[in-house]
Amino acid sequence: MRKTKLLAITMAAVVGMSSVPAVYRDVVVAQADETTGETFSLDEPNYLAAYTAGKKVTTDKQTLNFTFKTYETATLNWDTPVLLVYTSDDGIYDSKNTNYKHYANVRSDCWVDAEGTTETDASKNITINKTYPSDWNEWLKACKEEGKATVEYQKDSSNKVTIKYTVVAGDYTSVSEFSFIADEGKETYFAVTGELCTISGLPIDMKMELSNEQTRLKSVAGTYSDTDKTTTFGQVKCDGWWTNWSNGVEITEDAQKFSFKTTTNESTDLRWNTPTTVVFTSVDGGLYKPTTSKNLYKEYSVIRSDCFVITGADTVNETSGSLKTTGIPTVETKAYPDGANADEKKAIDDENNAKITEAWKPWVDANKAGTEVTGTVKREGNKVILTYLNNGIGYTATIPVEEGKKAYLSLTGEQCTIDNLKFAPAPAESTPAPGTEATPAPGTSATPAPGTSATPAPGTSAAPAPGTSATPALGTSATPAPGTSAAPAPGTSAKPAPGTSTKPAPGTSATPAPGTSATPTAKPTVAPTKKPSNTKKPAKKLKSATITVKNGKKKVSSVTVKAKKSVKLAVSVNSKAKLSVAKLSKKNAKIAKVTFKKNKLTIKGLKKGKVSIKITSKKTSKYKAATKTIKVTVKK
């Protein structure tokens, strides 16, 4: 706890507080005299990327005001702030204390999921009242300009808690009023979080920080050899889901190949008890627990060996063309007949599951006996290209990642052991990637029928989230609060009509079961009546251009320079195209001075801060245009 206390004292000095902040377990909460008017902001690139400390609900009626702006790229009503309502001994949301209890998520768009219900439930002493704006589309547009939020909260002598949440955006207002009876003797709190929005004007006594040391997950470190440019790892033993990982290996524009031996535990016959790949961005290549007020870590894809996408299903799937699979067993499953009752459906489910299990058995047995896994990974601009092959079954995934952030690949799994994991430079010419061959015919994949038990149950499968048995990791947009689901289902895009929401109810999910596919269930039976006329000659496929930046002999994507000092970088592109550097904004130009001449990039530090420099190469007759971002940190 020594580092935690140091952080607490530092924060006290910064905000001029009259007392040392309180330390709750691994959490530091800044406390200040309310008369100071000190405030802070939260940026919410993903649901629960950050959240505040709790505001205690007392018998005195109180009001909390704050403002927010929804991201311009947002398209959904729930891309706005959310209140998290709970009881806790220490006032911290999702506390590890046994006395923590979650009551509801109260969203800005009038969605209240309270103990499994979204409407008034007298049997649970829950009352929910809502007032909707006349036009949700205009309301969301106004939220992008600025939304003003007011929370009125109070409890009475019987421990009945009432929270009224009002959001005014332009000429449009939404109101959600939630009342419930809290457990006797328990203190009630609410915290503020959100999704795809920036929340401002929050009082400093709600600010919360976690240090890197407190949130980083322990993982197996690799050993890098500069002689042959390889990274090797010790054994990664995964007895449970999300319990052990290899530390991240940076994904660069230079392709890498990886290989390892996997052995599934003898006690299981489940196909998801095999290795899993994790593509993520991170400050240091480590995997992290959910953090507050810091965007340290974000997952972009979590894909199992049986080609099921756990995280990233909205962007990495066969429908979008971002995931191509090979070797999936073909299974003819039976559909429910019209009017089938529950017993008939269960019988069909059992029959289908038996067929699916039998089809996958040879592959599962090979994994139990021990099998070799191979793959490749590289970065092309803002996309990661990942190939993976396990005993004839595999995939090629194209995974979008955030510009300017280092991306990493880690291996984990469930009830399996990974041995001899090794990363090495990939040869210039490689064999066809998994999934570039013919994909199994639509409708013939190993897809459990609706209602089947082939999907792992929470706490027993690869569907649970990092660090727990049922909660997705930070960085995913589907991170549920305890016992609820306050994030959109993957791929959801429709806006709710006034008074409704397309977001799944608590506990539901639109994620497909393992092996499912969104492709059509049958091939066309009628051929085109005539060939297209005036068919154009296919356009010549251009190669990908790669911009390389070197500091001396070392390739870099980020540099650190002291104020009044300079660093010179050499820039090149394999397409030999003309290179250019984007001009810095007025604000960033005060942090660093950038000059670019004859493919030499000179960066002079002016004052403490961070900037990003965008380098662009033009399209040529053989190569595509390309961009590369260099992150610059100027220190005193």
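Counting with mature numbering (1 follows the signal peptide of the UniProt record, and there is no 0), you get residues -22 to -1, 1 to 614 for the letters of the sequence shown. A virtual CB, placed ideally from N, CA and C, is assigned to each residue, including glycine. Everything numeric in this text was worked out from a predicted model, so none of it was measured.
Original post:
Expressed to the nearest angstrom, what Euclidean distance is found between the alpha-carbon atoms of Glu329 and Glu336?
Top reply: What you label residue 329 is simply residue 351 of the sequence shown in a count that begins at 1. What you label residue 336 is simply residue 358 of the sequence shown in a count that begins at 1. One C-alpha to the other measures close to 11 Å.
**OP:** Kindly identify the DSSP beta-bridge partner or partners of Ala82.
**Re:** Position 104 of the sequence shown, counted from the first residue, corresponds to residue 82. Answer is Val63, Ala92.
Original post:
With 16 other CB atoms within 10 Å as the buried threshold, where does Gln213 fall?
Top reply: Position 235 of the sequence shown, counting from 1, holds the residue named residue 213. By the C-beta density criterion, Gln213 is exposed, having fewer than 16 other C-beta atoms within 10 angstroms.
**OP:** Determine the closest residue to Ser595 out of Lys588, Leu557, Lys578, with distance taken between C-alpha atoms.
**Re:** As a working note, residue 595 is residue 617 in the sequence shown. It is Leu557.
Original post:
Val294 bridges to which residues according to DSSP?
Top reply: For this step, residue 294 is matched to residue 316 along the sequence shown. Its beta-bridge partners do not exist; DSSP assigns none.
Subject >> Spatial distance of Val549 from Ala27 (CA atoms) >> reply: Against the sequence shown, residue 549 aligns to sequence position 571. Against the sequence shown, residue 27 aligns to sequence position 49. Their backbone Cα atoms lie some 35 Å apart in a straight line.
**OP:** Return the CA-CA distance between Lys533 and Leu389, expressed in angstroms with no decimal places.
**Re:** Start at 1 with the first residue of the sequence shown, and residue 533 comes out as number 555. Start at 1 with the first residue of the sequence shown, and residue 389 comes out as number 411. Going by the C-alpha atoms only, they are around 25 Å apart.
Subject >> Local conformation of Asn43 per DSSP, three classes >> reply: If you number the sequence shown from 1, residue 43 lands on position 65. DSSP places Asn43 in strand when its eight states are reduced to three.
**OP:** Measure from the alpha carbon of Ala168 to the alpha carbon of each residue in Thr210, Gln132, Asn529, then state which is nearest.
**Re:** Position 190 of the sequence shown, counting from 1, holds the residue named residue 168. Residue 168 is actually Phe in this sequence, not Ala. That would be Gln132, whose Cα lies nearest to the Cα of Phe168.
Subject >> Beta-carbon separation (whole angstroms), Arg282 vs Thr254, contact threshold 8 Å >> reply: Taking the sequence shown and counting its residues from 1, one reaches residue 282 at position 304. Taking the sequence shown and counting its residues from 1, one reaches residue 254 at position 276. Taking C-beta atoms under 8 Å as the contact rule, Arg282 and Thr254 qualify, at a distance of about 5 Å.
Original post:
To the nearest whole angstrom, what separates the beta carbons of Gly151 and Thr65, a pair I think is in contact under 8 Å?
Top reply: The count along the sequence shown starts at 1 and reaches residue 151 at position 173. The count along the sequence shown starts at 1 and reaches residue 65 at position 87. The amino acid at residue 151 is misidentified as Gly; the sequence shows Thr. The beta carbons of Thr151 and Thr65 sit about 29 Å from each other, so the pair does not count as a contact at 8 Å.
**OP:** Return helix, strand or coil for Leu118, following the three-state DSSP convention.
**Re:** On the sequence shown, position 140 is the one that residue 118 refers to. The answer is helix: DSSP assigns Leu118 an H, G or I state.
**OP:** Please say whether Ala402 and Gln234 have beta carbons closer to each other than 8 Å?
**Re:** The residue given as residue 234 occupies position 256 in the sequence shown. The residue given as residue 402 occupies position 424 in the sequence shown. Cβ atoms of Gln234 and Ala402: closer than 8 Å.
**OP:** Could you check what DSSP says for Ser112 in three-state terms: helix, strand or coil?
**Re:** Position 134 of the sequence shown, counted from the first residue, corresponds to residue 112. Three-state result, Ser112: coil.
Original post:
Between which two residues does the alpha helix (DSSP H) carrying Glu336 extend?
Top reply: Counting from 1 along the sequence shown, the entry for residue 336 is found at position 358. Run containing Glu336: 320 to 347, per the alpha helix (DSSP H) assignment.
Original post:
Going straight from the alpha carbon of Pro181 to that of Thr41, what length do you get?
Top reply: Stepping through the sequence shown from its first residue, residue 181 is reached at position 203. Stepping through the sequence shown from its first residue, residue 41 is reached at position 63. Spanning the two alpha carbons is a distance of roughly 12 Å.
Original post:
Mind checking whether Leu584 and Ala523 have CB atoms under 8 Å apart?
Top reply: As a first step, residue 584 is located in the sequence shown; it is residue number 606 there, counting from the start. As a first step, residue 523 is located in the sequence shown; it is residue number 545 there, counting from the start. It is not a contact, given that the beta carbons lie outside the stated cut-off.
Subject >> Contact belief for Gly264 with Gly226 at Cβ below 8 Å, rounded distance in angstroms >> reply: For the purposes of this step, residue 264 is taken as residue 286 along the sequence shown, with counting starting at 1. For the purposes of this step, residue 226 is taken as residue 248 along the sequence shown, with counting starting at 1. Between Gly226 and Gly264 the Cβ distance is about 7 Å, and since that is below 8 Å, they are a contact.
Original post:
How many angstroms separate the CA atom of Pro476 from the CA atom of Tyr29?
Top reply: Indexing the sequence shown from 1 puts residue 476 at position 498. Indexing the sequence shown from 1 puts residue 29 at position 51. Note on Pro476: pLDDT 34, under 50, position unreliable in the model; the coordinate value appears next. Cα to Cα, the separation comes out at about 27 Å.
Original post:
Whose CA, out of Asn107, Lys528, Gly163, Ile229, lies closest to the CA of Lys361?
Top reply: Indexing the sequence shown from 1 puts residue 361 at position 383. Lys361 has its Cα closest to that of Ile229, out of Asn107, Lys528, Gly163, Ile229.
Original post:
In terms of DSSP beta bridges, what is Arg107 paired with?
Top reply: As a working note, residue 107 is residue 129 in the sequence shown. As written in the sequence, residue 107 is Asn, which differs from the Arg given in the question. Beta bridge pairing from DSSP links Asn107 with Glu155.
Subject >> Lys614 to Lys586 span [Cα, whole Å] >> reply: Your numbering for residue 614 matches position 636 in the sequence shown. Your numbering for residue 586 matches position 608 in the sequence shown. Across the structure, Lys614 and Lys586 are spaced so that their CA atoms are roughly 6 Å apart.
Original post:
Are the CB atoms of Glu358 and Thr259 nearer to each other than 8 Å?
Top reply: Numbered from 1 along the sequence shown, position 380 holds the residue referred to as residue 358. Numbered from 1 along the sequence shown, position 281 holds the residue referred to as residue 259. The answer is no: Cβ separation not under 8 Å.
Original post:
Does the separation of the CB atoms of Gly353 and Phe236 fall below 8 Å?
Top reply: Stepping through the sequence shown from its first residue, residue 353 is reached at position 375. Stepping through the sequence shown from its first residue, residue 236 is reached at position 258. Taking 8 Å as the Cβ cut-off, Gly353 and Phe236 qualify as a contacting pair.
Original post:
Looking only at DSSP bridge pairs, what is Arg357 linked to?
Top reply: The residue labelled residue 357 in the question sits at position 379 within the sequence shown. BP columns for Arg357 point to Val362.
**OP:** Indicate the three-state DSSP secondary structure (helix, strand or coil) for Ala127 in the structure shown.
**Re:** Taking the first residue of the sequence shown as 1, we reach residue 127 at position 149. DSSP places Ala127 in strand when its eight states are reduced to three.
Original post:
Between the segment 192 to 204 and the segment 50 to 70, do three or more beta carbon pairs fall short of 8 Å?
Top reply: These segments do not touch.
Subject >> Residue range of the unbroken alpha helix (DSSP H) whose run includes Asn566 >> reply: Working through the sequence shown from its first residue, we reach residue 566 at position 588. If you look at Asn566, you'll find it in the alpha helix (DSSP H) that goes 564 to 567.
Original post:
Going by beta carbon distance, what residues of the same chain come within less than 6 Å of Leu547, once the five residues before and after it are set aside?
Top reply: On the sequence shown, position 569 is the one that residue 547 refers to. Sequence-distant partners of Leu547 (beyond 5 residues in either direction) whose C-beta falls short of 6 Å from its own C-beta, in its chain, are Val527, Asn529, Leu579.
Original post:
Can you give the Cα-Cα distance for Thr499 and Thr303, rounded to whole angstroms?
Top reply: Numbered from its first residue, the sequence shown carries residue 499 at position 521. Numbered from its first residue, the sequence shown carries residue 303 at position 325. Because the pLDDT of Thr499 is 31, which lies under 50, any placement of that residue in the model is unreliable, and the number read from its coordinates should be weighed accordingly. Straight-line Cα distance between these residues: approximately 17 Å.
**OP:** List in chain order: all unbroken alpha helix (DSSP H) runs of 4+ residues lying wholly within the segment 549 to 590.
**Re:** List check, alpha helix (DSSP H) in window: 564 to 567.
Original post:
Near Phe574, which residues of its chain fall below 7 Å by C-beta distance, leaving aside the five closest residues on each side in sequence?
Top reply: Walking along the sequence shown from the start, residue 574 turns up at place 596. Short of 7 Å from the beta carbon of Phe574, and not among the five residues preceding or following it, lie these beta carbons of its own chain, in chain order: Val559.
Subject >> Cβ-based neighbour list, Ala604, same chain, cut-off 6 Å, excluding 5 preceding and 5 following >> reply: As a first step, residue 604 is located in the sequence shown; it is residue number 626 there, counting from the start. Beyond the five residues adjoining it in sequence on each side, Ala604 comes within less than 6 Å, by CB distance, of Ala523, Ile525, Ser595 in the same chain, given in chain order.
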